[in-house]
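Participant: Pasting in a structure now, in structure tokens, and then I'll have a few things to ask.
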Amino acid sequence: MKENSLLKMRGHFYALNCGRVINEERERYTLEIDGEETIAVLSGKLRHNALTRSELPTVGDYVDVLMLPGDSIGKIERVKERKSKLVRKLAGEYAGEQLLGANVDIVFLLNSLNRDLNLRRIERYLVMIRDGGIKPILILTKNDLVTEDVTNQFLKQIQTITKVDQVLSISIEKGESIDEVRNLIQPGQTIALLGSSGVGKSTLTNALLGCDHQVVQEIGAHADRGKHTTTSRTLLKLPNGAFLMDTPGIREIQLWEGEGGFENSFLDVLELEKRCKFSNCRHQNDQGCAIQSAIERGELEAARLKSFLKIEKEQSFMEKKSQAKTSKHLKEIWKKRSREYRR
Ligand SMILES: Nc1nc2c(ncn2[C@@H]2O[C@H](COP(=O)(O)OP(=O)(O)OP(=O)(O)O)[C@@H](O)[C@H]2O)c(=O)[nH]1
Ligand SMILES: [Mg+2]
Ligand SMILES: [Zn+2]
19 MKENSLLKMR
29 GHFYALNCGR
39 VINEERERYT
49 LEIDGEETIA
59 VLSGKLRHNA
69 LTRSELPTVG
79 DYVDVLMLPG
89 DSIGKIERVK
99 ERKSKLVRKL
109 AGEYAGEQLL
119 GANVDIVFLL
129 NSLNRDLNLR
139 RIERYLVMIR
149 DGGIKPILIL
159 TKNDLVTEDV
169 TNQFLKQIQT
179 ITKVDQVLSI
189 SIEKGESIDE
199 VRNLIQPGQT
209 IALLGSSGVG
219 KSTLTNALLG
229 CDHQVVQEIG
239 AHADRGKHTT
249 TSRTLLKLPN
259 GAFLMDTPGI
269 REIQLWEGEG
279 GFENSFLDVL
289 ELEKRCKFSN
299 CRHQNDQGCA
309 IQSAIERGEL
319 EAARLKSFLK
329 IEKEQSFMEK
339 KSQAKTSKHL
349 KEIWKKRSRE
359 YRR
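Throughout, the working numbering is defined as the position within the sequence shown, counted from one, plus 18.
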């Protein structure tokens with residue numbers, strides 16, 4: 019499975035190792051190469067040629083590394099093509115994207131049953147996960163803190179609203195359904211855990227690892243006060259050989275360029291939209307609006323239309339912004355290069 023490529027440098031050929039990025043901190047990468055951990059940095063060429071940050075390695079990436087004899091730190095020469103990408107739009111007025119992980123097969127999206135279970139937020143996460151070509155599985159955590167009725171009600175509601183194939187509720191406290199979660203993970207797969215701070219991502223990680231590797235929040239600490247217990251993304255190897263990525267809680271989740279994730283998350287609304295009388299229907303008080311009639315008949319939640327409209331608007335805004343930025347960025351590079359040529 020591992021093919022080593024070659025790098026030609028000053029007339030010599032060097033064999034490159036294939037490694038996987040398991041952690042990144044300020045451009046210092048921890049790689050796994052043949053079961054051993056190695057530290058590596060970017061080669062000058064890789065960094066120089068990258069037009070955006072997303073072209074640089076991220077956790078989960080497979081990379082080609084140069085290890086010269088006698089060197090203890092490797093140089094990352096190339097990022098291999100990504101099978102999937104977990105991408106978050108950056109917060110703030112600066113439109114950009116942050117690559118949270120690469121080559122992820124499944125995202126376990128965690129939500130705590132005892133706190134602010136926000137369906138709209140879940141929808142946003144789902145768009146982001148599906149946009150990256152990744153399968154989402156919803157996990158409702160801490161079911162020991164609520165009654166069975168509450169749990170069942172949410173399970174049902176979430177299933178009908180989000181149309182996710184798999185939703186389960188667990189309790190690490192009671193050891194409930196941990197095996198079910200474990201059974202969802204096939205050897206060789208990469209699973210990423212996502213969800214707000216304090217929902218129990220690191221607690222679940224430790225349960226699956228079978229040891230207290232990750233630091234977890236002290237009981238009673240206030241997760242919403244901006245304190246994240248986990249501060250960097252790390253890929254850990256599970257006993258069955260699968261990889262698990264624990265992540266810091268994401269505070270703000272916004273969307274980024276849609277490639278189907280948005281469509282998949284709102285299939286019901288899009289289906290209704292086709293039946294609106296006018297093709298430019300805004301689904302407000304428009305005449306012959308199929309979506310509004312579905313709401314009146316109680317077949318669609320008004321809140322779902324609201325989040326549909328909001329996400330749709332953000333998405334087209336982001337697209338425009340990103341196009342403008344890319345062309346500006348390319349122009350700058352072009353200017354710089356032609357200046358260099360003239361010299
Ligand atoms: N009652 C109960 N508490 C739980 C359960 N799972 C996790 N917790 C508690 O929830 C708190 C937060 O758990 P963490 O695992 O640190 O949360 P996290 O999602 O990793 O948070 P960040 O690293 O900040 O993103 C800890 O105090 C855990 O002990 C559970 O099933 N039941
Ligand atoms: Mg954590
Ligand atoms: Zn309409």
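We put the CB at the ideal spot given by N, CA and C, even for glycine.
Taking the straight line between their C-alpha atoms, what separation do you get for Leu86 and Arg71?
Facilitator: For Leu86 and Arg71, the distance between alpha carbons rounds to 26 Å.
Participant: Can you list, in chain order, the stretches of the alpha helix (DSSP H) that have 4 or more residues and sit fully within the stretch 60 to 117?
Facilitator: The stretch 60 to 117 contains these whole alpha helix (DSSP H) runs: 62 to 67.
Participant: Is the separation between the beta-carbon of Lys192 and that of Asp167 shorter than 8 Å?
Facilitator: Taking 8 Å as the Cβ cut-off, Lys192 and Asp167 do not qualify as a contacting pair.
Participant: I'd like to know whether the C-beta atoms of Arg365 and Ser283 end up nearer to each other than 8 Å.
Facilitator: This structure leaves residue 365 out entirely; the chain is present only between 19 and 361.
Participant: Could you tell me the distance, in whole angstroms, from the CA atom of Gly218 to the CA atom of Glu42?
Facilitator: Cα-Cα distance, rounded: 22 Å.
Participant: Tell me which same chain residues have a C-beta within less than 6 Å of the C-beta of Asp79, skipping the five on either side of it?
Facilitator: Excluding residues within five positions, the ones whose Cβ falls inside 6 Å are Val39, Val97 and Ala120.
Participant: Distance check for Leu69 and Leu173, CA to CA, integer angstroms please.
Facilitator: Spanning the two alpha carbons is a distance of roughly 43 Å.
Participant: To the nearest angstrom, how far is the alpha carbon of Leu128 from that of Ala58?
Facilitator: Using only the alpha carbons, I get a separation of about 32 Å.
Participant: May I ask you to verify whether the stretch 140 to 155 touches the stretch 175 to 186, counting CB pairs closer than 8 Å and requiring at least 3?
Facilitator: Flag = yes, the stretch 140 to 155 and the stretch 175 to 186 touch.
Participant: List the residues that DSSP assigns as beta-bridge partners of Cys299.
Facilitator: Paired residues: none, contrary to the question.
Participant: Quick one: residues in its chain with C-beta nearer than 8 Å to the C-beta of Val233, no 5 flanking neighbours on either side, listed in chain order?
Facilitator: Once the five neighbours on either side are set aside, the close Cβ partners of Val233 are Ser220, Thr247 and Thr248.
Participant: Is it the case that the CB of Gln232 approaches a heavy atom of ligand 2 more closely than 7 Å?
Facilitator: For ligand 2, at least one heavy atom lies less than 7 Å from the Cβ of Gln232.
Participant: Our contact map puts Gly92 next to Leu60 with C-beta atoms below 8 Å; I'd like the distance itself, whole angstroms only.
Facilitator: Between Leu60 and Gly92 the Cβ distance is about 10 Å, and since that is not below 8 Å, they are no contact.
Participant: Does DSSP classify Leu202 as helix, strand or coil?
Facilitator: Reduced to three states, the DSSP call for Leu202 is coil.
Participant: Rounded to whole angstroms, how far is the Cβ of Leu211 from the Cβ of Met263, which I believe are closer than 8 Å?
Facilitator: Indeed, because the Cβ distance is near 7 Å, the residues count as touching under 8 Å.
Participant: Just to confirm, is the Cβ distance from Leu222 to Leu256 under 8 Å?
Facilitator: Their beta carbons are not under 8 Å apart, which means Leu222 does not touch Leu256 by this criterion.
Participant: Quick one, which of Leu290, Leu186 and Ser215 has its alpha-carbon nearest Leu202's?
Facilitator: Taking only the C-alpha atoms, the option nearest Leu202 is Leu186.
Participant: When the distance is taken between beta carbons, is Lys103 closer than 8 Å to Leu131?
Facilitator: Their beta carbons are not under 8 Å apart, which means Leu131 does not touch Lys103 by this criterion.
Participant: Once DSSP output is grouped into helix, strand and coil, what is the label at Leu163?
Facilitator: It is helical.
Participant: Grouping DSSP H, G and I as helix and E and B as strand, with all else coil, what is Asn35?
Facilitator: Asn35: strand per DSSP, three-state reduction.
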